[in-house]
């Protein structure tokens with residue numbers, strides 16, 4: 001299964017015994033939308049709701065930190081997303097949060113996972129049926145694995161920033177990167193990691209929400225001054241949209257780790273170096 005699948009591919013594949021579909025929609029508090037309510041109102045037939053906000057480490061004050069392997073395996077198994085399944089993720093969010101689901105699953109060793117190009121809108125446009133209400137997935141065993149090298153912590157990021165041995169690419173909006181607007185979380189200083197490069201996640205998509213491909217996708221990185229042949233690590237506000245950068249690089253054959261705490265952690269730590277401006 002390719003990492004990015006079309007609505008037509010899914011129309012042909014839906015109903016396969018080993019195929020599972022999950023809605024990974026997530027919204028910022030200021031968006032005024034409820035991801036679960038949107039799922040209940042309209043989702044792909046058989047799709048479960050993979051609650052990214054709930055699938056997080058709730059033992060820390062930092063938002064959206066990835067959970068430990070036990071919590072991850074427990075939640076996934078209950079949703080029927082276990083061993084021996086192919087998983088297709090989609091969203092109906094302007095933040096393209098299926099990429100966060102993809103990065104989370106891969107960080108725990110689940111590699112047979114894809115994103116539906118264009119999400120729910122593409123499914124509708126292809127004539128796909130729409131379901132409503134809750135689904136009742138059959139629980140499935142999943143083998144818990146420790147998170148791999150796809151995730152970076154604060155200590156690793158401090159070392160990377162000091163050494164310059166990898167490009168740090170920030171997916172936030174240009175105004176947040178520059179520190180020109182307040183951070184949405186209390187106690188977080190505006191700005192960015194010194195030496196990092198801004199590449200807003202929205203630039204990877206066509207107006208209809210489908211992903212850019214091939215040379216067009218490569219040009220997004222190159223226009224920001226990113227060298228795809230050099231090591232890179234992705235960051236953002238809380239580790240969600242950084243996954244868009246990681247997935248885009250994956251489509252071009254490059255693996256990019258994600259800084260789990262992202263600016264919510266770096267910007268709230270008085271000991272970290274910070275910078276403002278473009």
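In the UniProt record's numbering, the protein residues as written are 1 to 278.
C-beta atoms are modelled at their ideal positions from N, C-alpha and C, and glycine is treated no differently.
Just so you know, these numbers come straight off a predicted model, no measurement behind them.
Between the CA atoms of residue j and residue i - distance to the nearest angstrom
i: residue 138; j: residue 246; result: 31 Å
i: residue 66; j: residue 56; result: 5 Å
i: residue 18; j: residue 102; result: 18 Å
i: residue 30; j: residue 240; result: 15 Å
i: residue 36; j: residue 192; result: 32 Å
i: residue 203; j: residue 175; result: 15 Å
i: residue 136; j: residue 198; result: 42 Å
i: residue 210; j: residue 128; result: 16 Å
i: residue 230; j: residue 167; result: 7 Å
Residue i - DSSP class collapsed to helix/strand/coil
i: residue 147; result: coil
i: residue 265; result: helix
i: residue 206; result: coil
i: residue 123; result: helix
i: residue 87; result: strand
i: residue 216; result: helix
i: residue 154; result: helix
i: residue 243; result: helix
i: residue 70; result: helix
i: residue 192; result: strand
i: residue 10; result: helix
Anticipated Cβ contact below 8 Å, residue i with residue j, distance rounded
i: residue 112; j: residue 87; result: 7 Å
i: residue 271; j: residue 185; result: The pair is not a contact, with the Cβ atoms about 18 Å apart (cut-off 8 Å).
i: residue 201; j: residue 233; result: Between residue 233 and residue 201 the Cβ distance is about 15 Å, and since that is not below 8 Å, they are no contact.
i: residue 228; j: residue 254; result: 6 Å
Per DSSP, cross-strand counterpart(s) of residue i
i: residue 167; result: 232
i: residue 39; result: Paired residue(s): none; residue 39 is not in a bridge.
i: residue 23; result: 49, 90
- Query: Just checking, does the stretch 95-109 make contact with the stretch 60-79 on the three C-beta pairs under 8 Å criterion?
  - Reply: yes
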